[in-house]
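Chemist: Chains as they are written, first to last, in my numbering: chain A, 1 to 338; chain B, 1001 to 1391. Idealized CB from N, CA, C, for every residue including glycine. Quick one: this structure, given as structure tokens, is what I'll be asking you about.
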């Protein structure tokens, strides 16, 4: 329960003073990126029966591994539950946390970490059984709601319940597995977490996914993204710009399939810059000029990652919505790679 | 050889006493230095990594709701209050658990020594089964039974009027507080005083005439009667808050959640098995001659147990029983696994909202330490009271 927290505390007590700027060297030296992920959130991160990890959060780590180590496979996956995750990052157990984590002020300013950007714009929602005939969150008066501890969800639920005068009763569980089980056993009238999480849980855990409805109200803003330890600006910049490059690749039509061809003969100066055939942007990040090429080659651009893992054709069937490019009505807007 | 050391020798390297003190001072100094080093290192590293620390969050509004509590809690109240609510939930389950486990454990412990084959075997089987399955698993099993096997709240079991039993827990009617109930409480207190008086009277009578006076039934009678009279004097307030069934819910009345029931049942059943062994060992520690003496005095089996064996066994039982009570209290921290908002659960939530991990864990440790020390202080007092007094 407290394992990671205690480990973090012990690490803080016993190691000498920490030095900044070492993460990249450490990753190269051990030949592996250590990435903290959600143990079971299909679409974002989950392992199959062979132990191969897949998902949107997983792909972000793969892209970074491809950039830094030239091999998307050189990642050590550390499954973390919600209450362990920050301690694991603080103590240096993982290099990066890519675990559907909401970017908030408290976390950004007091936990010794930096959020590197948003990889999925989400909002908190409710799931109920179809049998209950509930169609709006406003009908959940006095309802018991299953929540996982260690998330922003508990506070959002309380805020919403108070503002709407609903007096909902949270039942808080330590792990996502326990929360799922309690909800599907019928202990709670509703399940609350990020809407994408609800879709994932419904798809994976429900006997028949059609028996459960996700209510239309979204009660919060949940910008989910990776985070890295504070005090290492170099690695912070790499983690940030790999995601930006993936988004910009989508904007300029660079895909996993055509990246080699574009690298060979594209005349578009922006594409040339991203793929490192003209300017060397990699040097500024402490990398080589092919850094973005390797990331795109490994995972495809942001749009491809989205479609493959959570998009309308995947098992989760989530609409692109807010996560579309800015030029197509969404929020995905990357500063230029220039 | 055995001449008393002179005063000046107390600063002599050859003096055993002086060296003894010196060693202790050195060890203590090293301990303090090590602790100071670790603390300094921790604070320094946290500062370098930009992790904020301090207990200032205690007074900040918590912002999260707590599903069930003895005292009402609002999300606008402070983290400190939230911790107190968690502590009160731990208290509630620990005190009730100790009470029930003691009763159940004593029954099973006595049952293991029964002359009845079935009672003896069943008691033995219970102890063997329950002691050898981890408590966490047992909690999961109870929670599974209470949430998976019971009907949903819309089809709640309704065994008695006003009583509802469903996945939502047990809902029951409870009296609405009215001023008249002050008399009821007063009547109850008068009843307790009456019982004390009755026990004195019967002892005096026993010492004078040698005839025993019945105690248990009259005592219950006195309390019930006095409470009833008080209630009637108070104008017999009959306001009752009964749970009512609505379309999708059962509202009103008192309620205990399946999470609370799970933890209570789990802790009771588990600890009772250990208490049973403590009680059995205690009874068996009473010499066989005491049994022969009771038989030759013509005492029945029940009288022998109550008057001869249990009072003597108690002296052996109390110290290990204290251990069991402490274990139960500490084991209640497993409640977090089934979603009961105990101290650990509240601390987990606070830890995640504030990021003050070290502070929250320190608080929890301090709470359990205080709780355990208080329990053992109480039991030590009781142990001294019931120990053989040398007069």
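Once DSSP output is grouped into helix, strand and coil, what is the label at residue 1068 of chain B?
Modeler: If DSSP states are grouped into helix, strand and coil, residue 1068 of chain B belongs with coil.
Chemist: The ligand GDP and residue 1123 of chain B: does any heavy atom of the ligand fall closer than 7 angstroms to the residue's C-beta?
Modeler: For the structure depicted, the ligand GDP is absent and the ligand set is empty, with no information on it obtainable.
Chemist: Would you kindly report the start and end of the unbroken beta strand (DSSP E) that includes residue 229 of chain A?
Modeler: It spans 222-229 - the beta strand (DSSP E) in which residue 229 of chain A sits, taken as one unbroken run.
Chemist: Using a beta-carbon distance below 8 angstroms, is residue 1034 of chain B in contact with chain A?
Modeler: False, the Cβ-Cβ gap to chain A never drops below 8 angstroms.
Chemist: As a quick exercise: from B:1136, B:1135, B:1258, B:1112, pick the residue whose alpha carbon is nearest that of residue 1127 of chain B.
Modeler: Closest option to residue 1127 of chain B, Cα to Cα, is B:1112.
Chemist: If you run the structure through DSSP and keep just helix, strand and coil, what is residue 1074 of chain B?
Modeler: Three-state DSSP puts residue 1074 of chain B in coil, outside helix and strand.
Chemist: Consult DSSP for residue 1241 of chain B and reduce its assignment to one of helix, strand or coil.
Modeler: It is a strand residue.
Chemist: Have a look at residue 1314 of chain B and residue 1270 of chain B and give me their C-alpha separation to the nearest angstrom.
Modeler: Rounded to the nearest angstrom, the two C-alpha atoms are 21 angstroms apart.
Chemist: Verify the CB distance criterion: does residue 1086 of chain B have a CB-CB separation below 8 angstroms to chain A?
Modeler: By this cut-off, residue 1086 of chain B is not an interface position.
Chemist: Run through the region 148-177 of chain A for me and flag every whole beta strand (DSSP E) of 3 or more residues, listed as ranges in chain order.
Modeler: If we require 3 residues or more, the beta strand (DSSP E) runs fully inside the region 148-177 of chain A come out as 169-173.
Chemist: Measure from the C-beta of residue 1065 of chain B to each C-beta in chain A and report whether the shortest distance is under 8 angstroms.
Modeler: Chain A contact via Cβ: present.
Chemist: May I ask you to report which of helix, strand or coil DSSP gives residue 302 of chain A?
Modeler: Of the three classes helix, strand and coil, the one that applies to residue 302 of chain A here is helix, per DSSP.
Chemist: Are the region 1048-1055 of chain B and the region 129-137 of chain A touching, with three or more C-beta to C-beta distances below 8 angstroms?
Modeler: The region 1048-1055 of chain B, when compared against the region 129-137 of chain A, does not touch it at the 8 angstroms Cβ threshold.
Chemist: Would you mind sorting residue 38 of chain A into buried or exposed? The rule is 16 or more other CB atoms within 10 Å of its CB.
Modeler: The residue in question, residue 38 of chain A, is buried, as its Cβ has 16 or more Cβ neighbours within 10 Å.
Chemist: So, does the CB of residue 1 of chain A fall closer than 8 angstroms to a CB anywhere in chain B?
Modeler: Note that residue 1 of chain A has pLDDT 46, beneath the 50 cutoff, so the model's placement of it is unreliable and the number below is only indicative. Judged by the 8 angstroms Cβ criterion, residue 1 of chain A is in contact with chain B.
Chemist: How would you write the range of the beta strand (DSSP E) that residue 273 of chain A sits in, first residue to last?
Modeler: Residue 273 of chain A -> not in any beta strand (DSSP E); alpha helix (DSSP H) instead, spanning 269-274.
Chemist: In chain order, which continuous runs of the beta strand (DSSP E) of length 3 or greater are located wholly inside the region 181-251 of chain A?
Modeler: List check, beta strand (DSSP E) in window: 190-194, 212-214, 222-229.
Chemist: Going by DSSP, what residues sit across from residue 120 of chain A in a beta bridge?
Modeler: Looking at the DSSP assignment, residue 120 of chain A forms a beta bridge with A:224.
Chemist: Given a threshold of 16 other Cβ atoms within 10 Å of its Cβ, counted over all protein chains shown, does residue 1059 of chain B qualify as buried or as exposed?
Modeler: Label assigned to residue 1059 of chain B: exposed.
Chemist: Hey, residue 95 of chain A and residue 194 of chain A: beta-carbon distance below 8 angstroms or not?
Modeler: Not closer than 8 angstroms, so no.
Chemist: Of the choices B:1283, B:1171, B:1083, whose alpha-carbon is the least far from that of residue 1368 of chain B?
Modeler: The candidate whose alpha carbon is nearest that of residue 1368 of chain B is B:1083.
Chemist: Does the distance from the CB of residue 1268 of chain B to the CB of residue 1104 of chain B come in under 8 angstroms?
Modeler: Contact: yes.
Chemist: Label residue 150 of chain A either buried or exposed according to how many other C-beta atoms from any shown protein chain fall within 10 Å of its C-beta, with 16 as the threshold for buried.
Modeler: Residue 150 of chain A comes out buried.
Chemist: Could you give the first and the last residue of the continuous alpha helix (DSSP H) run that contains residue 1280 of chain B?
Modeler: Where residue 1280 of chain B is concerned, the enclosing alpha helix (DSSP H) stretches over 1258-1284.
Chemist: For chain A, is any of its Cβ atoms less than 8 angstroms away from the one on residue 1052 of chain B?
Modeler: Interface residue, yes.
Chemist: Who are the Cβ neighbours of residue 1068 of chain B in its own chain at under 6 angstroms, not counting the five residues just before and after it?
Modeler: The answer, listed in chain order, is 1257.
Chemist: Looking only at C-alpha atoms, which of B:1345, B:1131, B:1308 sits nearest to residue 1360 of chain B?
Modeler: Ranking B:1345, B:1131, B:1308 by Cα distance to residue 1360 of chain B puts B:1345 first.
Chemist: By Cβ distance below 6 angstroms, which residues in the same chain neighbour residue 1243 of chain B in space, the five residues on each side in sequence not counted?
Modeler: Correct list, in chain order: 1164, 1171, 1250, 1252, 1253.
Chemist: Take residue 67 of chain A as the anchor and find which of A:28, A:172, A:180 has the nearest alpha-carbon.
Modeler: For residue 67 of chain A, the nearest C-alpha among the options comes from A:28.
Chemist: Report buried or exposed for residue 1115 of chain B, applying the criterion of at least 16 other Cβ atoms within 10 angstroms of its Cβ.
Modeler: Residue 1115 of chain B is exposed by the Cβ-count criterion.
Chemist: Can you tell me where the alpha helix (DSSP H) holding residue 107 of chain A begins and where it ends?
Modeler: First-last of the alpha helix (DSSP H) with residue 107 of chain A: 105-110.
Chemist: Answer with yes or no whether the minimum CB distance from residue 215 of chain A to chain B is below 8 angstroms.
Modeler: False, the Cβ-Cβ gap to chain B never drops below 8 angstroms.
Chemist: Please state whether the Cβ-Cβ distance between residue 1241 of chain B and residue 1176 of chain B is less than 8 angstroms.
Modeler: Yes, the pair counts as a contact, with Cβ atoms nearer than the cut-off.
Chemist: For chain B, find out if any of its Cβ atoms is closer than 8 angstroms to the Cβ of residue 185 of chain A; answer yes or no.
Modeler: So yes, residue 185 of chain A belongs to the interface.
Chemist: So, for residue 1234 of chain B: in the same chain, excluding its five sequence neighbours on each side, which residues have a beta-carbon less than 7 angstroms away from its beta-carbon?
Modeler: Taken in chain order, the residues that qualify are 1180, 1181, 1182, 1183, 1184.
Chemist: Please say whether residue 1214 of chain B and residue 1178 of chain B have beta carbons closer to each other than 8 angstroms?
Modeler: It is not a contact, given that the beta carbons lie outside the stated cut-off.
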